[in-house]
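Asker: This structure is in structure tokens; I'll ask about it shortly.
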Amino acid sequence: MMGNGTARWFELALRERRTGRELVLWQWERRVENGRVVGRPKRQRVGVLAGRPLVVAENDLRHLLGRNGVQELERSGRLELTEPLGARLGVLFLTLRPLRRVERMVRLIEGVRKLADEEAYYWYAQCTMPGRAAKGRRALRILLAGE
1 MMGNGTARWF
11 ELALRERRTG
21 RELVLWQWER
31 RVENGRVVGR
41 PKRQRVGVLA
51 GRPLVVAEND
61 LRHLLGRNGV
71 QELERSGRLE
81 LTEPLGARLG
91 VLFLTLRPLR
101 RVERMVRLIE
111 GVRKLADEEA
121 YYWYAQCTMP
131 GRAAKGRRAL
141 RILLAGE
């Protein structure tokens, strides 16, 4: 890493709870100045998938992870993800959770899977923008799954 800026990466954690399994997506940031890492990394939770949304999305999540060289989803622990995959999963986690009808969940999952990397980055930014995140999430849900 050369120059100044921020290094970002994502992490996916599988946790076993009394109520069942859940996937938690984290985004990490670390400042870089003059090519050197400065300070401690900051971690922010992007979203959680559990219950019905996780069951509906599980096969597609396995496919997405496998396509990106990540094979382990069975055991508890943390997996570091590439930025494009993390942004795509972030969009999925942020928009899927409030849905109740399975057919809408399936349409949303298929739509997110078909997004180009640039589109996934764009929608991730829209879905996490302070003050406008809820509008971005709703817009993507309407676009991909109807509402």
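Read left to right, the sequence shown gives residues 1 to 147 (the UniProt record's numbering). Where is the CB? At the ideal position from N, CA and C, for every residue including glycine.
(1) Kindly indicate the opening and closing residues of the beta strand (DSSP E) around residue 154.
(2) Where does residue 1 sit, in a helix, a strand or coil, going by DSSP?
(3) Does DSSP put residue 12 in a helix, in a strand, or in coil?
(4) Output the distance between the C-alpha atoms of residue 45 and residue 29, rounded to the nearest integer angstrom.
(5) Leaving aside the five residues before and after residue 127 along the sequence, list all residues of the same chain whose C-beta is less than 8 angstroms from its C-beta, in chain order.
(6) Below 8 angstroms on the Cβ atoms is my contact criterion, and I expect residue 145 with residue 104 to pass it. Report the Cβ-Cβ distance as a whole number of Å.
(7) At what residues does the beta strand (DSSP E) containing residue 38 begin and finish?
(8) Suppose the cutoff is 8 angstroms on Cβ atoms and the five residues either side in sequence are ignored; what does the same chain contact list for residue 114 look like?
(9) Under a Cβ-count criterion, where at least 16 other Cβ atoms within 10 Å of its own Cβ denotes burial, should residue 27 be classed as buried or exposed?
(10) Could you give the DSSP three-state label for residue 71: helix, strand or coil?
(11) Using the C-alpha atoms, what's the distance from residue 124 back to residue 130?
Answerer: According to the data block:
(1) Residue 154 is absent from the structure shown; the chain starts at 1 and stops at 147.
(2) Along the sequence shown, read from residue 1 onward, the residue named residue 1 stands at position 1. A caution first: residue 1 carries a pLDDT of 45, below 50, which makes its placement in the model unreliable, though a value can still be read off. In this structure, residue 1 counts as coil in the three-state DSSP scheme.
(3) Here residue 12 corresponds to residue number 12 of the sequence shown, with the count starting at 1. In this structure, residue 12 counts as strand in the three-state DSSP scheme.
(4) Indexing the sequence shown from 1 puts residue 45 at position 45. Indexing the sequence shown from 1 puts residue 29 at position 29. When rounded, the distance between both Cα atoms is 12 angstroms.
(5) Your numbering for residue 127 matches position 127 in the sequence shown. 90, 91, 94, 95, 133, 136, 137 and 140.
(6) Translated into positions along the sequence shown, residue 145 becomes position 145. Translated into positions along the sequence shown, residue 104 becomes position 104. Confirmed, about 4 angstroms.
(7) The count along the sequence shown starts at 1 and reaches residue 38 at position 38. Element bounds for residue 38: 36-50.
(8) Within the sequence shown, residue 114 is the residue found at index 114, counting from 1. Excluding positions up to five away in sequence, the list is empty.
(9) Numbered from its first residue, the sequence shown carries residue 27 at position 27. Buried.
(10) As a first step, residue 71 is located in the sequence shown; it is residue number 71 there, counting from the start. Look at residue 71 here: in three-state DSSP terms it is coil, with no helix or strand label.
(11) Position 130 of the sequence shown, counting from 1, holds the residue named residue 130. Position 124 of the sequence shown, counting from 1, holds the residue named residue 124. C-alpha separation (whole angstroms): 12 angstroms.
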